[in-house]
Structures are given as structure tokens and as C-alpha cells.
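These notes are about the structure you will find just below.
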Amino acid sequence: MAKIINTPLTDETAKTLRAGDRVLLNGIIYTGRDAAHKRLVEMLDKGEELPMDIKDQTIYYVGPCPAKPGQAIGSAGPTTSGRMDAYTPQLMDAGLKGMIGKGLRSKAVVDSIIKHNGVYFAAIGGAGALLAEAIKEAEVIAFPDLGAEAIYKLRVENFPVTVIIDSEGNDLYKSGKELYKK
Amino acid sequence: MREIDVQKITDEIERLSIESNYYLPLDVKKALEDFLEKEESPLGRDTLLDILKNQEIARTNHVPICQDTGLAVVFLELGQDVRLAGGSLNEAINEGVRRGYEKGYLRKSAVDDPFFERKNTKDNTPAIIHTKIVPGENIKIIFAPKGGGSENMSALAMLKPSDGIQGIKKFVLDTVDKAGSNPCPPIIVGIGIGGTIEKTTLIAKEALLRKVGEHHSNPIVAKLEEDLLEEINDLGIGPQGFGGRTTALAVHIETFPAHIASMPVAINIQCHVARHQEAVI
């Protein structure tokens with residue numbers, strides 16, 4: 049049975065989530081891939097204000113397809129998270145709480161998740177059409193020159209994800225594999 | 315000698331780029347359904363069900379299965395009795411890609427240089443084009459868009475002949491294990507063995523064009539495909555890396571004669587969105 053969770057995430061909510069939990073996310077999340085992450089971190093380095101208040105927010109690693117007429121957004125599944133590892137600890141220090149992507153994270157990211165009571169979710173890689181149906185509104189709020197890699201503000205309803213790394217540092221990619229290894 | 319206007323190739327590429335991104339081949343769908351029956355992990359089963367639901371939504375609503383609509387990889391089999399008219403073949407293919415990716419609302423994922431500015435070309439060109447000259451007066455086009463997530467987990471090794479089958483197995487298992495959840499399992503593993511560095515990589519990619527689970531005609535190679543599939547699925551990675559019995563849907567191997575000193579092995583990993591469509595002109 050999936051847990052229904054609202055964004056922004058609080059410390060209390062994050063602490064209730066465990067690696068392997070199925071979750072339906074509701075509320076606002078932001079998109080960001082490699083190029084947007086690089087710019088956000090450069091802005092932090094220069095002491096500039098970020099294009100959104102990042103406290104307790106969740107970033108979804110996605111570069112969507114263009115929306116067809118009548119769609120809020122085109123197909124929108126996760127991209128590989130590891131490419132964002134270099135930037136993640138600094139964004140978590142600035143207040144970022146949740147991340148949605150797919151694939152392995154570095155030790156520095158896991159440590160940062162534990163330190164900040166964060167959570168790393170996976171959405172199903174390759175399920176872009178299914179995931180787009182849970183995105184009700186999409187608006188570009190920063191870096192429009194990056195095209196599909198711009199930062200979008202998304203309103204999601206029952207967006208399906210699975211907890212991979214919880215606030216205690218448990219990792220489903222390790223525990224799940226151990227369970228079924230022969 | 316048959317004359318074919320390259321405009322026809324543009325039209326076909328436009329259509330194939332859209333259709334390949336919307337409609338998952340039915341053999342891939344069937345393989346997902348078969349593995350769902352056997353999957354032991356509850357989370358793995360839910361994940362396979364969502365993957366099947368996703369391709370159905372894409373098929374019904376005519377939208378991309380995955381947002382990564384790939385680099386445009388085109389395999390051409392050009393009959394030697396064909397005379398191409400009306401312009402450049404490569405330009406005709408790129409024009410088809412340009413039109414298809416625009417009209418189909420597909421994501422443009424190509425950058426114009428790999429390591430300095432990385433500016434998006436905004437029309438998903440250039441296509442990666444592989445041309446073979448074959449007997450006859452037809453042109454066969456296979457359009458196989460390839461996403462970055464699984465391509466990034468691919469690998470090449472120049473093994474020694476003395477490494478043998480055990481060496482090949484170890485390289486494949488290590489590569490899949492290290493890739494873990496990154497290439498969006500369940501995956502299809504395309505393997506090229508033999509030839510030179512470029513030949514082995516090309517046949518690894520060609521192996522992905524085979525119908526899922528169809529074995530190599532040589533029983534020794536077919537046995538290696540079967541053994542590797544079982545050993546990969548014993549790794550426990552499972553659908554999306556959440557743990558389970560379905561890490562790969564198939565292992566496809568192509569071989570080529572090699573130098574007396576060499577045994578190159580290339581592994582091209584393909585995610586479950588194993589897209590390819592073909593047409594004959």
C-alpha cells in the first residue's frame with residue numbers, strides 16, 4: 049500500500065519514510081538536470097538568490113518531451129541521478145530535502161541525506177508516459193534557454209515513486225539485491 | 315537498376331522516428347509479460363506492471379514511451395542495384411529526423427560537440443548512420459533511437475584469446491552488476507565478440523535489433539546466451555534495481571572472425587524501452 053505524502057517535505061515526514069516504501073507525492077516539485085544544477089551551484093557560490101526557495105523542496109531529475117496540444121507536459125520519466133552527485137551536497141546544505149531520479153548515488157550524497165533528514169526517491173525509468181499523467185501543471189521558472197533542461201515548477205498528483213535512500217541511509221538498491229541474489 | 319528519390323527516405327525516416335518512439339515492439343511487450351509471471355519480488359512485479367501500463371498509455375495516446383527519445387540511430391541496407399536521385403542520402407536522413415522529432419513532439423537530445431560547449435543542435439541531428447551495401451534493388455531502413463542512460467553503461471574490452479568463455483562471462487557479469495539500477499532494468503544485453511574494435515561494437519548494437527529472446531543460430535553461442543541470461547538474473551538487481559529476478563529480458567550475441575591475437579568483446583546495454591522499427595523501399 050502506497051503512502052500519500054505532500055510536498056514540501058518536513059523533517060517529520062522524511063523520518064517516517066523507509067527504503068522500499070511506495071509513495072504517492074502530491075504538491076509542488078521542481079525539475080533540474082545537469083546544466084541547471086551547475087547553474088544553481090554557481091549561483092550559491094556567488095551568494096546569489098536561487099530562482100526558487102529551495103528549503104524543504106524536492107527536485108525531479110527530468111528533461112521532458114515537448115507537450116502535445118492538450119497536455120500539461122510531454123513524457124517525463126527520470127534521468128540517471130549520478131550525474132547530479134557532484135552538486136547535490138551543496139544544494140542540500142542550502143535546504144533541498146528530496147530528490148527523484150533513478151540509479152546509484154555517491155557516498156557523499158548518502159551522507160548528505162543522513163545529515164539533512166533527506167530522502168532519495170526513484171521513479172520508474174522509461175515510464176515517461178505514465179509519469180506525465182501525474183503531472184497536472186508545468187511552468188518554466190528559470191533558465192528557459194536550456195530548453196528541456198530548464199527548471200520547471202510542476203504540480204503533481206499521486207506521482208508514483210519508491211524510497212531508495214531514507215534519512216537513516218538505508219539503500220533499497222543494496223537491500224533489494226541482497227534479497228534476490230542467488 | 316532502380317532509381318529511388320531520396321525524398322522517399324526522408325518520408326520514411328520521419329514516420330519511423332515517430333512510430334518507433336510511440337509504439338514498443340510487441341516482442342518486447344511479450345517478454346515483459348512473460349517475466350512478470352516469473353517475478354518473485356512484489357515490488358518487482360508492481361514495477362513490471364507499471365512498465366507494461368506505460369507502453370500501453372504511449373501506444374493508445376500516441377506519445378513517447380520514454381522522454382529520452384534518443385540519438386537517431388539508422389541502419390541502412392542499400393541494394394547495389396539502386397541509384398539514388400534527388401540529393402544527398404545523409405542529408406535526406408537528417409531531414410527526416412528533423413521533421414519527425416519536431417512533428418512527433420520528441421525530445422531533442424543531441425549536442426553539437428561532446429566536451430566544450432555542448433550546445434543542443436535543437437533538431438536531434440546528426441543521425442548516426444550505418445550503411446551496408448547488399449544485393450538487390452531495395453532499401454531497408456531500421457530506425458533505432460538510443461537513450462543515454464543505458465548507452466552510458468555499455469563497455470568494451472580487448473580480451474586475450476586465453477581468457478576464453480570464462481573471461482567473456484566475467485566481463486559481462488561485472489559490467490551488468492556495476493551498472494545496477496542505472497540503465498533502467500530490465501535490460502537487453504547486446505554483445506559483440508570478435509572482429510576489430512569498431513566491428514565488435516557495431517555487431518553488439520546490431521544484436522539489439524534481433525527479436526527479444528531469439529537465439530543465435532550457432533548452438534555454442536546460443537548456449538552462452540542462455541547461461542549468461544540466467545547468471546545475470548541471479549545477480550538479484552531486478553526491475554529498476556529494486557531487487558528481483560528480472561534484471562535482463564534477453565542476452566543477444568553476435569560474433570565475427572578475429573585476429574589471431576585478439577578477442578574483443580563489446581557490451582551494448584539496452585533499457586526495457588527497446589525501440590526499433592523498419593521499412594523497405
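In the order they appear, the protein sequences are chains A and B. Reminder that position 166 of the first sequence reads as 214 in this note's numbering, one-by-one numbering, no gaps. Reminder that position 152 of the second sequence reads as 466 in this note's numbering, one-by-one numbering, no gaps. Ideal placement from N, C-alpha and C gives every residue a C-beta, glycine not left out. Remember, predicted model here, so these are calculated numbers, not experimental data.
- Looking at the DSSP output, L73 (chain A) bridges to A:I53 and A:F207.
- For E354 (chain B), the chain A residues whose Cβ falls inside 8 Å of its Cβ are Y228, in order along the chain.
- For K150 (chain A), the neighbours in chain B by C-beta distance under 9 Å run, in chain order, G463, S495, N496, C498, Q554 and G555.
- Interface criterion met: the Cβ of A372 (chain B) is under 9 Å from a Cβ in chain A.
- Y168 (chain A): member of the beta strand (DSSP E) spanning V167 to A170, first to last residue.
- CA-to-CA, the gap between V167 (chain A) and H573 (chain B) works out to about 51 Å.
- Listed along chain A are G174, each with a C-beta nearer than 8 Å to that of V587 (chain B).
- It is roughly 8 Å from the alpha-carbon of L92 (chain A) to the alpha-carbon of Q138 (chain A).
- Assignment of beta strand (DSSP E) within the region 124-163 of chain A, counting only whole runs of 3 or more residues, yields 146-149 in chain order.
- Taking a C-beta cut-off of 8 Å against chain B, the contacting residues of the region 130-158 of chain A are G130, K150, G151 and L152, listed in chain order.
- Against chain B, a Cβ distance below 9 Å from G217 (chain A) picks out nothing, because the smallest value is about 17 Å.
- Any Cβ of chain A closer than 9 Å to the Cβ of V535 (chain B) would place that residue at the interface, and such an atom is absent.
- Per DSSP, Y419 (chain B) lies in no beta strand (DSSP E) and is assigned neither H nor E.
- Per DSSP, the beta bridge partners of G393 (chain B) are B:V448.
- Straight across, the Cα-Cα distance linking S331 (chain B) with L72 (chain A) is about 33 Å.
- Under the three-state reduction of DSSP output, L385 (chain B) falls in the strand class.
- For the pair Y228 (chain A) and G550 (chain B), the Cα-to-Cα distance works out to about 4 Å.
- The Cβ atoms of T515 (chain B) and G506 (chain B) lie closer than 9 Å to each other.
- A residue is called buried when at least 16 other Cβ atoms come within 10 angstroms of its Cβ; S215 (chain A) meets this threshold and is buried.
- Excluding sequence positions up to five before and after F485 (chain B), its CB lies within less than 7 Å of the CB of A471, L473 and V579, all in the same chain and listed in chain order.
- In this structure A115 (chain A) does not touch I148 (chain A) by the C-beta definition: roughly 19 Å separates them, more than the 8 Å allowed.
- Put simply, the CB of S468 (chain B) is far from chain A, with every gap to its CB atoms at 9 Å or more.
- Taken atom to atom, the span from the alpha-carbon of G173 (chain A) to that of D395 (chain B) is near 44 Å.
- Within chain B, the residues placing a beta-carbon under 9 Å from that of T127 (chain A) are Q381, D382, G462 and G463, ordered along the chain.
- With its beta carbon at least 9 Å from every one in chain A, S331 (chain B) lies outside the interface.
- At a cut-off of 9 Å between C-beta atoms, A115 (chain A) counts as an interface residue with respect to chain B.
- The alpha-carbon separation between P339 (chain B) and I502 (chain B) amounts to approximately 13 Å.
- Taking a Cβ-Cβ threshold of 7 Å, none of the residues of chain B is close to T79 (chain A); the smallest such distance is about 11 Å.
- At least one beta carbon of chain B lies nearer than 9 Å to the beta carbon of V110 (chain A).
- Scanning chain A for C-beta atoms nearer than 7 Å to the C-beta of L420 (chain B) yields C113, reported in chain order.
- Excluding sequence positions up to five before and after A372 (chain B), its CB lies within less than 6 Å of the CB of Y336 and I379, all in the same chain and listed in chain order.
- Under the Cβ distance rule, S123 (chain A) counts among the residues neighbouring chain B, one pair being separated by less than 9 Å.
- Ranking B:L487, B:F556, B:N438 and B:M577 by CA distance to the CA of S355 (chain B) puts B:F556 first.
- Counting only runs that start and end inside the region 439-492 of chain B, the beta strand (DSSP E) elements of at least 3 residues fall at 442-448, 453-457 and 469-473.
- Under the DSSP definition of a beta bridge, I534 (chain B) lacks any partner.
- In the DSSP assignment, K184 (chain A) falls outside any alpha helix (DSSP H) and within the unbroken beta strand (DSSP E) covering I183 to A190.
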